[in-house]
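K.L.:
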């Protein structure tokens, strides 16, 4: 998917919501346990109930790998279902991969060929040749970790170098040489919203994937205030706050309601920002 | 596996060789294609032919994921085979994972419970809470990326901070607060062997996993000169140079011969270093 299509979908749906499919088999409603491929059944109902309010879905690969081969089948079924039934959805593999060139090439093959994801999250520590194999696919995206939403972000990401750049800023500057706003996005945690002002000075035009609202405590309004640009430039993720809003047999309906609440806030933000 | 057991295995086998099972289905001998689970059949023959000369195996997860659910079954079969037939082998998941705490916990569950790996490689960018869930398992290990063997290592890992530490040194210093030489090791590429002197000043006692000899051009002798300690402290990996030494029906025999050549060099190094 190219950036114009993504922007048009945001305008059409009045939403820049990504629903994180962190579908922990131990947290899905008990009623689904008896079904074959219960993780996929859970995802299917969540997707049907929320897709009207979301432009993106983001399965976190850890939750599928933990089921072994069965988990991979759930992941494949989820990807196939979204791609066939909701082709305008931007589909993100939250995988945080990154390895030497040969190996990153294999990961790219897995997530962009074997599975038809539009984007994958990648860790920057190993540098250019760990990232570039993912950039060889037209209309596919690398979403590079810049400033993450967790407490451990403080361990290394704020390290100041001799040019007075913090590490996350160096990651932004350096990676601008590897790709463009048409094939790279960046992860910036909502819990670090005030940093978005500095980040927008370096990358005014790139899309940002923003996790950390909801369960992790970040604010949608703060993210929008500092991070929005004239093509929106934001995909804001919520996982647990939506998909595990309810554990009864009304889980999907409640997830839809929760997604609609976020979407309505986003529609208001898009209006205020003269994007709609 | 604890560090004493690992050291005893090194002395017993006179080797600190790890064989990297980067078992790319497109590179395994054509004769195996017709077999069910050909990747596992390939690994089984390689393992049978090389285990006498190796203390560790390191499947690179990318090469299994690229086969989807079938790939995971090959991985599971490989892990089960090694653990049941060669229980003194130290088994490393080369996965380079790392995510927010909740998610790293799922990855730990996958690689330490669902699959019985002894160790997993982890990327440090997201800091302590992305690493600590892996450290909660007794006798299991985190192998943290410090200085990698690829060209992209130069992008961020050598960034000098205001305390005059390079990023890889900061990773070492900081992570010493998270674990000990009994549950953490570090990746240091053989192509950066001269850096091992500086690294040993910070972590004299930890084991290092050293990729990059063979196809990537690093030297075993240089690695040993600068990196060995009185409990060896090194696990040196070779992947393609051993497993893809030959593509005929003698591939396993040739892999064994290649592994023996490396092992003989290692035995000489262990003798010279008064470890044997």
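Protein chains in written order, with the numbering used here: chain A, 42 to 317; chain B, 42 to 317. Ideal Cβ positions, reconstructed from N, Cα and C, are used throughout, including at glycine.
#1: Leaving out the 5 sequence neighbours to the left and right, which residues in its chain are closer than 8 Å to residue 176 of chain A when beta-carbon positions are compared?
#2: Residues in the region 160-172 of chain B with C-beta within 8 Å of chain A's C-beta atoms, listed in sequence order?
#3: Take the Cβ of residue 203 of chain B as the centre, count every other Cβ of all protein chains shown within 10 Å, and call the residue buried at 16 or more, exposed below.
#4: Taking contact to mean 3 or more Cβ pairs, one atom from each stretch, closer than 8 Å, check whether the region 103-119 of chain B and the region 80-92 of chain A are in contact.
#5: Please tell me whether residue 353 of chain B and residue 274 of chain B are closer than 8 Å, where the distance is taken between their beta carbons.
#6: Would residue 189 of chain A count as contacting chain B if we go by Cβ distances under 8 Å?
#7: Which residues share a DSSP beta bridge with residue 226 of chain A?
#8: Please work out which residues of its chain come closer than 7 Å, Cβ to Cβ, to residue 283 of chain B, disregarding the five sequence neighbours upstream and downstream, and give them in chain order.
#9: What's the call for residue 312 of chain B, buried or exposed, on a 16-neighbour Cβ count within 10 Å?
#10: With DSSP as the reference, label residue 96 of chain B as helix, strand or coil.
#11: Is residue 268 of chain A close to chain B? Criterion is C-beta to C-beta, closer than 8 Å.
#12: Against chain A, with Cβ distances strictly below 8 Å, would residue 302 of chain B count as a contact?
#13: At a CB-CB cut-off below 7 Å, which residues of chain B make contact with residue 139 of chain A?
#14: Anything in chain B within Cβ reach of residue 201 of chain A, meaning under 9 Å, just list it in chain order.
#15: Please look up how many angstroms separate the CB atoms of residue 39 of chain B and residue 58 of chain B, rounded, as I've assumed it's under 8 Å.
#16: In the region 90-121 of chain A, which residues sit with their C-beta less than 7 Å from some C-beta in chain B, listed in chain order?
#17: When burial is assigned at 16 or more other CB atoms within 10 Å of the CB, is residue 93 of chain B buried or exposed?
#18: Please report whether the beta-carbon of residue 153 of chain B lies at a distance below 8 Å from any beta-carbon of chain A.
#19: Should residue 196 of chain B be flagged as near chain A, meaning a C-beta pair shorter than 8 Å?
#20: Can you find at least 3 beta carbon pairs, one from the region 185-192 of chain B and one from the region 132-144 of chain A, that sit closer than 8 Å?
#21: Quick one: residues in its chain with C-beta nearer than 6 Å to the C-beta of residue 207 of chain A, no 5 flanking neighbours on either side, listed in chain order?
#22: Tell me the rounded alpha-carbon separation between residue 67 of chain A and residue 102 of chain B.
#23: Please list the segments of the alpha helix (DSSP H) lying wholly inside the region 117-201 of chain A, counting only runs of 4 or more residues, in order along the chain.
#24: What would DSSP say about residue 208 of chain A, mapped onto helix, strand or coil?
#25: Residue 318 of chain A CB to nearest chain B CB: under 8 Å?
#26: Span of the beta strand (DSSP E) holding residue 84 of chain B?
#27: Counting contacts by CB-CB distance shorter than 8 Å, is residue 208 of chain B in contact with chain A?
#28: Is the CB of residue 221 of chain A under 8 Å away from at least one CB in chain B?
#29: How about residue 215 of chain B: is its C-beta nearer than 8 Å to some C-beta of chain A?
#30: If you draw a straight line from the alpha carbon of residue 44 of chain B to that of residue 210 of chain A, how long is it in whole angstroms?
#31: Would you call residue 100 of chain B buried or exposed, if buried means 16 or more other Cβ atoms sit within 10 Å of its Cβ?
#32: Anything in the region 222-235 of chain B with a Cβ closer than 8 Å to a Cβ of chain A? List those residues in chain order, please.
#33: Applying the 10 Å Cβ sphere with the 16-neighbour rule, what's the burial state of residue 214 of chain A?
#34: Determine whether the Cβ of residue 125 of chain A lies closer than 8 Å to any Cβ atom of chain B.
#35: Can you tell me whether residue 185 of chain A is buried or exposed, with buried defined as 16 or more other CB within 10 angstroms of its CB?
#36: Look up residue 50 of chain A in the DSSP assignment and say whether it is helix, strand or coil.
P.N.:
Judging by the given coordinates:
#1: As a first step, residue 176 of chain A is located in the first chain; it is residue number 135 there, counting from the start. Here the set comprises 183, 219, 220, 224 and 225.
#2: 164, 165, 166, 167, 168, 169, 170, 171 and 172
#3: Taking the second chain and counting its residues from 1, the one referred to as residue 203 of chain B is at position 162. Classification for residue 203 of chain B: exposed.
#4: no
#5: Because chain B here runs from 42 to 317, residue 353 of chain B falls outside it and cannot be looked at.
#6: Walking along the first chain from the start, residue 189 of chain A turns up at place 148. Residue 189 of chain A counts as touching chain B.
#7: Indexing the first chain from 1 puts residue 226 of chain A at position 185. BP columns for residue 226 of chain A point to A:184.
#8: Here residue 283 of chain B is taken as the residue at index 242 of the second chain, counted from 1. 60, 91, 296, 299 and 300, listed in sequence order.
#9: The residue given as residue 312 of chain B occupies position 271 in the second chain. Result: exposed.
#10: On the second chain, position 55 is the one that residue 96 of chain B refers to. Residue 96 of chain B: coil per DSSP, three-state reduction.
#11: As a first step, residue 268 of chain A must be located in the first chain, where it is residue number 227. By this cut-off, residue 268 of chain A is not an interface position.
#12: Your numbering for residue 302 of chain B matches position 261 in the second chain. Judged by the 8 Å Cβ criterion, residue 302 of chain B is not in contact with chain A.
#13: Counted from its first residue, the first chain places residue 139 of chain A at position 98. Within chain B, the residues near residue 139 of chain A are 137 and 164.
#14: By 1-based counting over the first chain, the position of residue 201 of chain A is 160. Going along chain B in sequence order, the residues near residue 201 of chain A (Cβ under 9 Å) are 202 and 203.
#15: The shown model of chain B, from 42 to 317, leaves out residue 39 of chain B, and the question about it has no answer.
#16: 101, 103, 104, 106, 107, 109, 110, 113, 114 and 117
#17: Numbered from its first residue, the second chain carries residue 93 of chain B at position 52. By the neighbour-count rule (16 or more Cβ atoms within 10 Å), residue 93 of chain B is not buried but exposed.
#18: Position 112 of the second chain, counting from 1, holds the residue named residue 153 of chain B. Judged by the 8 Å Cβ criterion, residue 153 of chain B is not in contact with chain A.
#19: The count along the second chain starts at 1 and reaches residue 196 of chain B at position 155. Yes, contact with chain A.
#20: yes
#21: By 1-based counting over the first chain, the position of residue 207 of chain A is 166. Result list for residue 207 of chain A: 199 and 201, in chain order.
#22: Mapped onto the first chain, residue 67 of chain A falls at position 26. Mapped onto the second chain, residue 102 of chain B falls at position 61. Cα to Cα, the separation comes out at about 24 Å.
#23: 142-149, 169-172 and 194-197
#24: Taking the first residue of the first chain as 1, we reach residue 208 of chain A at position 167. Helix.
#25: Outside the shown range of chain A (42 to 317) lies residue 318 of chain A, about which nothing can therefore be said.
#26: Position 43 of the second chain, counting from 1, holds the residue named residue 84 of chain B. Per DSSP, residue 84 of chain B belongs to no beta strand (DSSP E); it is in the alpha helix (DSSP H), 79-91.
#27: As a working mapping, residue 208 of chain B is identified with position 167 in the second chain. For residue 208 of chain B, the answer is yes, since a Cβ of chain A falls inside 8 Å of its Cβ.
#28: Here residue 221 of chain A corresponds to residue number 180 of the first chain, with the count starting at 1. No, no contact with chain B.
#29: By 1-based counting over the second chain, the position of residue 215 of chain B is 174. So yes, residue 215 of chain B belongs to the interface.
#30: Numbered from 1 along the second chain, position 3 holds the residue referred to as residue 44 of chain B. Numbered from 1 along the first chain, position 169 holds the residue referred to as residue 210 of chain A. The straight-line gap from Cα to Cα measures roughly 39 Å.
#31: The count along the second chain starts at 1 and reaches residue 100 of chain B at position 59. Counting Cβ neighbours within 10 Å, residue 100 of chain B comes out buried, since at least 16 surround it.
#32: none
#33: The count along the first chain starts at 1 and reaches residue 214 of chain A at position 173. Answer is exposed; the Cβ neighbour count stays below 16.
#34: Along the first chain, one-based indexing puts residue 125 of chain A at 84. For residue 125 of chain A, the answer is no, since every Cβ of chain B falls outside 8 Å of its Cβ.
#35: Here residue 185 of chain A corresponds to residue number 144 of the first chain, with the count starting at 1. With 16 or more Cβ atoms within 10 Å of its Cβ, residue 185 of chain A is classed as buried.
#36: Locating residue 50 of chain A in the first chain gives position 9, counting from the first residue. Three-state result, residue 50 of chain A: helix.
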